[in-house]
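To keep things clear, I will list the structure first and then write my remarks on it.
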Amino acid sequence: MKEVGIGKNKSIRINMTQQTYTTSYMAYTSVQEMPEHYQTLIEQAKIATNDSHAPYSNFKVGAAILLNNGTVIKGSNQENASYPIGFCAERTALSAAASLASYEKIKAIAITAKSANNPVLKPAAPCGICRQCIFEAENKHHQDIEVILTGESGEVFVFKSIKDLLPLHFDANFL
Ligand SMILES: [Zn+2]
Numbered sequence: 008m009k010e011v012g013i014g015k016n017k018s019i020r021i022n023m024t025q026q027t028y029t030t031s032y033m034a035y036t037s038v039q040e041m042p043e044h045y046q047t048l049i050e051q052a053k054i055a056t057n058d059s060h061a062p063y064s065n066f067k068v069g070a071a072i073l074l075n076n077g078t079v080i081k082g083s084n085q086e087n088a089s090y091p092i093g094f095c096a097e098r099t100a101l102s103a104a105a106s107l108a109s110y111e112k113i114k115a116i117a118i119t120a121k122s123a124n125n126p127v128l129k130p131a132a133p134c135g136i137c138r139q140c141i142f143e144a145e146n147k148h149h150q151d152i153e154v155i156l157t158g159e160s161g162e163v164f165v166f167k168s169i170k171d172l173l174p175l176h177f178d179a180n181f182l
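Residues 8 to 182 (the numbering used here) are what the sequence shown spells out, left to right.
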């Protein structure tokens, strides 16, 4: 119960508590410090940036999805002169995985970015829409997806599940 002022000499009592979210993840100082299987997937994500179509932002994003069966499926951002209809790399890769191997579970996704304007020196984080799409893929396959974030150099973050990056997520339970 808290006393909240609402004007001169006036207050009301309301019930509220302050809540806190915590997120834990692994932070590696560089790609070179990581186990080899991470390095391999990150390398594929970096290769994927070469397929990026980003003439407007010059911000090239690559994603590499590792399926349970060991297959790697890449995606890159695809911009459009009509800006809002462009696709993020993560969703391009997820769509490819769903089309090429719809029943194969997704083990991990590595995401990276490079920019002609400003070097990306910290882990590239997925946008909100992509977080929701990765979350949908987790639910579809009933398996957490490891999310690996890196830039052109510097630290690499590894999250055990997209849920760590998407608290208060929206799912089918609301429908
Ligand atoms: Zn996105």
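A virtual CB, placed ideally from N, CA and C, is assigned to each residue, including glycine.
Between residue i and residue j, which are expected to be in contact by the criterion C-beta below 8 Å, what is the C-beta distance as a whole number of angstroms?
i: I116; j: I152; result: 6 Å
i: A120; j: K67; result: 6 Å
i: E86; j: H60; result: 6 Å
Between residue i and residue j, is the Cβ-Cβ spacing less than 8 Å?
i: N65; j: N124; result: yes
i: A71; j: A100; result: yes
i: F142; j: V154; result: no
i: G93; j: S83; result: no
i: E162; j: P130; result: yes
i: L74; j: I113; result: yes
i: Y63; j: Y90; result: yes
i: V79; j: Q46; result: no
Along the chain, where does the beta strand (DSSP E) that runs through residue i open and close?
i: T119; result: 113 to 122
i: I80; result: 79 to 83
i: K147; result: Here K147 belongs to no beta strand (DSSP E); instead the alpha helix (DSSP H) covers 135 to 148.
i: S37; result: Here S37 belongs to no beta strand (DSSP E), and DSSP marks it neither H nor E.
i: I152; result: Neither: I152 is in no beta strand (DSSP E) and is coded neither H nor E.
i: I92; result: No beta strand (DSSP E) holds I92; DSSP gives it neither H nor E.
Short of 6 Å in beta carbon distance, which residues of its chain neighbour residue i, apart from the five on each side in sequence? Order them along the chain.
i: I49; result: V38, A117, T157
i: N76; result: E111
i: M33; result: V165
i: D58; result: S83
i: Q150; result: K112
Please work out which residues of its chain come closer than 7 Å, Cβ to Cβ, to residue i, disregarding the five sequence neighbours upstream and downstream, and give them in chain order.
i: R138; result: I169, L172, L173
i: E159; result: K121, P126, V127, L128
i: C134; result: C95
First and last residue of the alpha helix (DSSP H) that includes residue i?
i: A61; result: Here A61 belongs to no alpha helix (DSSP H), and DSSP marks it neither H nor E.
i: F166; result: Not the alpha helix (DSSP H): F166 falls in the beta strand (DSSP E), residues 163 to 166.
i: E43; result: 43 to 55
i: E103; result: Here residue 103 is Ala; the residue named in the question, Glu, does not match the sequence. Counting along the chain, the alpha helix (DSSP H) containing A103 begins and ends at 96 to 107.
Between residue i and the rest of its own chain, which residues show a CB-CB distance below 8 Å, the 5 nearest in sequence each way excluded?
i: F177; result: Q139
Q. Taking any heavy atom of ligand 1 as the mark, which residues have a C-beta closer than 7 Å to it, listed down the chain?
A. Here the list is C95, E97, R98, P133, C134, I136, C137.
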